[in-house]
Amino acid sequence: MTSESVNPSPEARERMDAYLDAIERVLVAADMPRAERKGIADDVEAQILEMLTARGCATPSVEDVGAVLSDLDPPEAYAEAGGVPPASTRPAPSPVPPSALPRKAARPHFSRAAIVGACWAPLSLALIPLMLLVLYPMLSYSGARHHVSEEPVMHVVPEPAEPVREAPDPATDPLTEAELEAAEWRALEAQQEAGERQLEAELKQKVARARAEGRVERGATLSWLAILILGPLGLLGLSAPFGTTILGIVAISHIRRSGGRIYGMGLALFDAVLFPLILLAGLIVFCTSFLGIWGMLVGLVLAVVAAVVVRLLWRRVGAPVGGAR
Amino acid sequence: MRSWVSQLRKGLVELCVLGALNDGEAYGYEILQRLAQADNLAITESTVYPILARLAKEGVLQVRVAPSPSGPPRRYYRLTDTGRARLSEMHRYWRHLTAAVDGLLSGEKP
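Quick mapping for you: the protein sequence lines, in order, are chains A and B.
If you read the first sequence in this note's numbering, its first letter stands for residue 199, the second for the next number, and so on.
If you read the second sequence in this note's numbering, its first letter stands for residue 35, the second for the next number, and so on.
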């Protein structure tokens with residue numbers, strides 16, 4: 199190695215810069231961070247000047263630089279940024295064709311699993327008012343329909359206080375007070391039965407009319423719609439505790455292994471511990487409310503354990519692999 | 035065949051670069067020259083420099099910038115403790131792997 203400093207001519211410098219710029223463009227296209235691109239460019243420039251020095255060119259010309267560059271990899275070889283280019287082919291440096299540019303590498307992004315988990319969690323809470331909203335009209339309709347039933351209604355007729363005897367002849371056998379009361383009962387029963395039959399007939403007519411007008415069919419469709427809406431929503435809501443927790447754990451794993459490409463550790467941890475903590479809180483409330491002094495002690499221990507576990511978890515996942523946060 | 039060789043080399047670059055720095059710190063071109071002493075490796079600067087940048091970012095290598103007699107400052111790379119540990123681990127695995135593959139190819143039972 200000589201100690202002579204190399205001073206390329208302006209044209210030679212321009213040639214060198216064009217080569218370095220082409221490498222820079224390839225690295226930019228590969229989404230390489232600026233600090234790393236600068237380090238690579240510095241290394242390549244130092245190598246070119248070192249090679250020019252080794253050739254004994256104190257003031258290298260464009261041809262000298264061209265000769266050195268022809269011994270180097272073409273800029274597009276940096277596309278893989280870590281791959282090994284074919285050693286047998288070393289064409290002269292050329293502008294990078296668009297087809298040689300690599301597929302865009304993934305930019306740092308927020309953990310999608312954590313976002314989905316966080317969106318999933320409140321669904322279980324939002325589901326309650328939603329279910330009420332949808333169920334209320336359905337139950338009202340169902341209640342109303344119950345009154346307009348086609349089935350014959352069974353009525354419980356109160357038994358008379360005494361067995362009904364044959365009607366006595368008022369001329370020969372004067373009526374007692376009890377017999378008079380029984381006669382009134384019979385009259386009332388007959389009247390009630392007649393009224394019920396009439397009411398039943400009217401209700402049947404109403405049902406038949408509602409069917410003819412399509413109102414009964416619409417009611418049936420409405421209930422199916424409610425089931426169709428409620429079914430998936432109910433499943434989503436009921437699965438939220440499991441889904442959110444699993445997605446949180448998956449997100450933590452992804453973030454820790456991403457080497458900084460995925461972030462959002464706070465939200466991921468929130469997803470992972472939200473429902474377990476709610477469950478634990480419920481357990482603590484149950485213990486302290488219903489199990490007396492021992493329950494309070496157990497609740498206190500559970501609360502301390504929960505705090506310690508969350509703290510440990512935060513420390514564990516807060517020391518990420520590759521500096522991801 | 036060429037694709038297989040290329041993939042094999044690609045997987046070994048990091049181990050080779052760390053191995054080249056096991057003798058002490060070196061700047062980019064010097065590392066290339068050390069690697070060039072090994073036959074059949076055919077590892078070039080477009081492979082080595084990005085790996086050096088990545089390993090420096092990961093804390094496996096430490097970078098020191100020092101003036102160069104030939105022009106711009108040189109970037110000297112050396113192994114950190116993490117780097118030495120990684121090299122040791124990779125080396126151990128490499129020995130086991132080559133032993134296993136050799137045994138398989140020579141028909142010996144593991």
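Ideal Cβ placement from N, Cα and C applies to all residues, glycine included.
The ligand FAD heavy atom lying under 7 Å from the CB of residue i
i: A/L467; result: Here there are no bound small molecules, and the ligand FAD is not part of this structure.
Proximity to residue i [Cα-Cα], best of the options
i: B/P107; options: B/E48, B/Y61, B/R43; result: B/Y61
i: A/V263; options: A/A216, A/A239, A/R223; result: A/A216
i: A/L500; options: A/L510, A/F488, A/G480, A/E411; result: A/G480
i: A/M214; options: A/A265, A/G237, A/A227; result: A/A265
i: A/A256; options: B/S104, B/S40, B/T132, B/Y63; result: B/S104
i: A/V471; options: A/I460, A/P439, A/G497; result: A/P439
i: B/R120; options: B/E92, B/L42, B/V39; result: B/E92
i: A/L328; options: A/I427, A/V483, A/G315; result: A/I427
i: A/D269; options: A/L250, A/A277, A/S259; result: A/L250
Buried versus exposed call for residue i [16 or more other C-beta atoms within 10 Å across all chains shown]
i: A/L225; result: buried
i: B/D36; result: Looking at the sequence itself, residue 36 of chain B is Arg, so the reference to Asp does not match. B/R36 should be labelled exposed.
i: A/P296; result: Unreliable positioning characterises A/P296 in this predicted model, as indicated by a pLDDT of 49, which lies under 50. The coordinate reading is nonetheless provided below. Label assigned to A/P296: exposed.
i: B/D115; result: exposed
i: A/S203; result: exposed
i: B/Y63; result: buried
i: B/R109; result: buried
i: B/S122; result: exposed
i: B/Y127; result: exposed
i: A/C317; result: exposed
i: A/I476; result: exposed
i: A/E391; result: exposed
i: A/A385; result: exposed
i: A/S292; result: Per-residue confidence for A/S292 stands at a pLDDT of 46, beneath the threshold of 50, marking its modelled position as unreliable; the derived number appears in the next sentence. It is exposed - the Cβ of A/S292 has fewer than 16 other Cβ atoms within 10 Å.
i: A/R310; result: exposed
i: A/L498; result: exposed
For residue i, the first and last residue of its enclosing beta strand (DSSP E)
i: B/Q71; result: That residue, B/Q71, is in no beta strand (DSSP E); it is neither H nor E in DSSP.
Limits of the unbroken alpha helix (DSSP H) element including residue i
i: B/A100; result: B/A100 -> not in any alpha helix (DSSP H); beta strand (DSSP E) instead, spanning 95–102.
i: B/R36; result: 36–54
i: A/L472; result: 463–488
i: A/G237; result: 232–252
i: B/L121; result: 115–140
i: A/A381; result: 375–410
i: A/E274; result: No alpha helix (DSSP H) holds A/E274; DSSP gives it neither H nor E.
**OP:** May I ask you to list, following chain order, the residues of the segment 106–137 of chain B that have a beta carbon less than 7 Å from some beta carbon of chain A?
**Re:** P106, R108, R109
The segment 50–65 of chain B: positions lying closer than 8 Å to chain A by Cβ: Y61, G62, Y63
Closer than 7 Å, Cβ to any Cβ of chain B: which residues of the segment 230–243 of chain A, in chain order? E234, G237, I238, D240, D241, V242, E243
Worksheet item: Between the segment 72–93 of chain B and chain A, which residues of the former have CB atoms less than 8 Å from a CB of the latter, in chain order?
Response: A76, I77, T78, E79, S80, T81, Y83, P84, I85, L86, A87, R88, A90, K91, E92
> Are at least three pairs of beta-carbons, each pair with one atom in the segment 428–435 of chain A and one in the segment 398–412 of chain A, less than 8 Å apart?
Replying inline: no
Check whether the segment 38–53 of chain B touches the segment 65–79 of chain B, counting contact only when three or more Cβ pairs, one atom from each stretch, lie closer than 8 Å. yes
Do three or more CB pairs link the segment 71–90 of chain B to the segment 490–509 of chain A at distances below 8 Å? no
(message) Taking beta-carbon pairs under 7 Å, can you tell me which members of the segment 246–261 of chain A lie near chain B?
(response) L247, E248, T251
Flag this pair as touching only if the segment 309–323 of chain A and the segment 439–448 of chain A have three or more C-beta atom pairs under 8 Å; answer yes or no. yes
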